[in-house]
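Residue numbers (the working numbering): 32 to 600.
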């Protein structure tokens, strides 16, 4: 319980609401500092008892001071703006240098470099923590927590062994050898969860296993179990044929045509003005306007002896004509380039079958797509904005189609009829739900996953729309921030049925030998991942006989045993 402990949250976001709710339920006191206009629609979702302080962005320093930050148990910088979060951490260093900070940032590796100077206890990326859960859900499995160490993540996932899966018949030791994943617990088809022990009976179809390992290894096991990939790393041959290519009309992607139309009207007006003022025929007036607009001269006719107003009008025509030429050339180049890219992307998507369709290429969609591609899987992305910052990064390896994921035509272009899964990852709950509904109508066998923040909306609509899984990115990540704020060693408790597992990071002060690791194992503690250089994560299957001082581990097991190792060394 967190009775009488105060927590200050800087920034009002969806994550702030989730974290505040968890802290209040544990009887903690919460103060939320938001900028004017920030999170207006989220205020009503904050739990009762949360104090909200509203201030102008430039008064953030004063707001933190007024919140009595030095007496707070921790500061959580959870806004949607990375710069604002970092600014809050810098201000906190001056106001309350001893108050630990849990920081939200898109690139937590960068924030890790500032941990010592800014007293940042943990830095997390919501999309990095949540993306593995969405991929596991698409495979019919669950990720309970994603822990971070160095530059890598290590998910703790529950996997249901599917009939005919390569996991059938494997022991826990064999799973660790083949996939690099530690087995933390298991549940037989009609039984209850039991912790990892000396019981190494082979797995059977319908069994559930709780596993932990570096991100790549967990996702590899999940995808192999789902039949999306094979043990040798190759894609299984798809029996479903991709649909025939359909002709698509040209779509305008910019406002250039409207600008060109306006400038064209100016040119027509110029023809009428010069024709009347200079007594020119229609053809001569057109010729005069074109030469005036496209050159610095006036052909065979000059405005030298014309009235001043006509000279000024001619200057305006020259400027407008130059602009019109620029707009036309830009438009034609844009259309040619965009149409070629769209056509190429469309051809790539139309050939796909057994792939994953991702709607939305924001922070979460980018992370999901990137992880799927790292597993060697085929991905098609539908993004409403063709100029999203992640488009070019993903477009190099997967087709990115421009359009609204709710429209059947766009789902057709992404070959949703032959896809294995559809993930609605936009920031709009209704867009994700309706897109999953359309995908289900188009392909009754597809697995659909919707990103939803509103719990009441999820409960009411997910079942009615037969969505396979409904997840909230902020909910997936909230536990990490709460753990960092409430516990110095950031021990996180994971509840899986009747099984309770604790997970934490541990840095060895002395070298760790095989005997010490054997003692951990006897107490039920398993090494999920480790790092000897402080950066790259390695799976437990690659653990050396002796780990040097300074080696870092992610440990999972009984709460008392894990806390004893982390606190007592």
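Ideal placement from N, C-alpha and C gives every residue a C-beta, glycine not left out.
Inset, instruction - Tell me, to the nearest whole angstrom, how far the beta carbon of residue 131 is from that of residue 105; I am working on the premise that it is less than 8 Å. - result: Your numbering for residue 131 matches position 100 in the chain shown. Your numbering for residue 105 matches position 74 in the chain shown. Confirmed, about 5 Å.
Inset, instruction - Check whether the Cβ atoms of residue 404 and residue 435 lie closer than 9 Å to each other. - result: Counting from 1 along the chain shown, the entry for residue 404 is found at position 373. Counting from 1 along the chain shown, the entry for residue 435 is found at position 404. No.
Legend entry - Distance, residue 568 Cα to residue 588 Cα: Translated into the one-based positions of the chain shown, residue 588 becomes position 557. Translated into the one-based positions of the chain shown, residue 568 becomes position 537. Using only the alpha carbons, I get a separation of about 19 Å.
Inset, instruction - Just tell me which of 82, 118, 175, 70 has its CA closest to the CA of residue 504. - result: On the chain shown, position 473 is the one that residue 504 refers to. Cα-wise, what sits closest to residue 504 is 175.
Legend entry - Segment limits, beta strand (DSSP E) that includes residue 105: Position 74 of the chain shown holds residue 105. 105-108 is the span of the beta strand (DSSP E), which, as asked, contains residue 105.
Legend entry - Meets three-Cβ-pair contact criterion under 8 Å: the segment 210-225 and the segment 249-257: Contact between the segment 210-225 and the segment 249-257 is present: 3 or more CB-CB pairs across the two stretches fall below 8 Å.
Legend entry - Distance, residue 558 Cα to residue 462 Cα: Your numbering for residue 462 matches position 431 in the chain shown. Your numbering for residue 558 matches position 527 in the chain shown. The straight-line gap separating the alpha-carbon atoms of residue 462 and residue 558 is approximately 40 Å.
Inset, instruction - Please specify which runs of the alpha helix (DSSP H), each continuous and at least 4 residues long, are wholly inside the segment 512-565, giving them in chain order. - result: Here the runs fully enclosed are 545-553.
Inset, instruction - Identify every residue that forms a DSSP beta bridge with residue 621. - result: Nothing in the structure corresponds to residue 621, since the chain is present only between 32 and 600.
Inset, instruction - Specify the secondary structure class of residue 391 as computed by DSSP and reduced to three states. - result: The residue given as residue 391 occupies position 360 in the chain shown. Three-state result, residue 391: coil.
Legend entry - Cα-Cα separation, residue 202 to residue 426: Looking up residue 202 in the chain shown gives position 171. Looking up residue 426 in the chain shown gives position 395. Using only the alpha carbons, I get a separation of about 40 Å.
Inset, instruction - Could you tell me which residues DSSP pairs with residue 153 in its beta bridges? - result: Taking the first residue of the chain shown as 1, we reach residue 153 at position 122. BP columns for residue 153 point to 133.
Inset, instruction - With a cut-off of 8 Å on the beta carbons, I'd call residue 37 and residue 60 a contact; round off their distance for me. - result: Position 6 of the chain shown, counting from 1, holds the residue named residue 37. Position 29 of the chain shown, counting from 1, holds the residue named residue 60. About 5 Å separates the two Cβ atoms, so the contact holds.
Inset, instruction - Look up residue 189 in the DSSP assignment and give the residues it is bridged to. - result: The sequence position of residue 189 within the chain shown is 158, counting from 1. DSSP output for residue 189 lists 173, 241 as bridge partner(s).
Legend entry - Inter-residue Cα distance where the pair is residue 63 and residue 431: Locating residue 63 in the chain shown gives position 32, where the first residue counts as 1. Locating residue 431 in the chain shown gives position 400, where the first residue counts as 1. Whole-angstrom Cα-Cα distance: 38 Å.
Inset, instruction - Would you check if the distance between the CB atom of residue 224 and the CB atom of residue 239 is smaller than 9 Å? - result: In the chain shown, counting from the first residue as 1, residue 224 sits at position 193. In the chain shown, counting from the first residue as 1, residue 239 sits at position 208. Yes.
Legend entry - Euclidean distance between Cα positions of residue 56 and residue 577: Here residue 56 is taken as the residue at index 25 of the chain shown, counted from 1. Here residue 577 is taken as the residue at index 546 of the chain shown, counted from 1. Approximately 43 Å between the Cα atoms of the pair.
Legend entry - Bridge partners - residue 71, DSSP secondary structure assignment: Locating residue 71 in the chain shown gives position 40, counting from the first residue. According to DSSP, which records beta bridges pairwise, residue 71 is partnered with nothing at all.
Inset, instruction - Tell me whether residue 346 is buried or exposed, calling it buried when 16 or more other Cβ atoms sit within 10 Å of its Cβ. - result: Residue mapping note: residue 346 aligns to position 315 of the chain shown, counting from 1. By the neighbour-count rule (16 or more Cβ atoms within 10 Å), residue 346 is not buried but exposed.
Inset, instruction - Using three-state DSSP, classify residue 437 as helix, strand or coil. - result: To locate residue 437, count along the chain shown from 1; it is residue 406. Three-state DSSP puts residue 437 in coil, outside helix and strand.
Legend entry - Touch test, the segment 393-404 against the segment 154-165, Cβ-Cβ under 8 Å, three pairs minimum: Flag = yes, the segment 393-404 and the segment 154-165 touch.
Legend entry - Closest Cα partner of residue 638 within the set 392, 379, 393, 465: No information on residue 638 is available, as it lies outside the stretch 32 to 600 that the chain covers here.
Inset, instruction - Check each candidate in 231, 215, 237 and name the one with the smallest Cα separation from residue 221. - result: Along the chain shown, one-based indexing puts residue 221 at 190. Closest option to residue 221, Cα to Cα, is 237.
Inset, instruction - Find the nearest neighbour of residue 526 within the set 226, 311, 469, 112, judged by alpha-carbon distance. - result: Locating residue 526 in the chain shown gives position 495, where the first residue counts as 1. Among 226, 311, 469, 112, the Cα nearest to that of residue 526 is on 226.
Inset, instruction - Return helix, strand or coil for residue 197, following the three-state DSSP convention. - result: Here residue 197 is taken as the residue at index 166 of the chain shown, counted from 1. In this structure, DSSP gives residue 197 a state outside helix and strand, which the three-state scheme calls coil.
Inset, instruction - Would you list the residues sitting across from residue 226 in a DSSP beta bridge? - result: In the chain shown, counting from the first residue as 1, residue 226 sits at position 195. Residue 226 pairs with 216.
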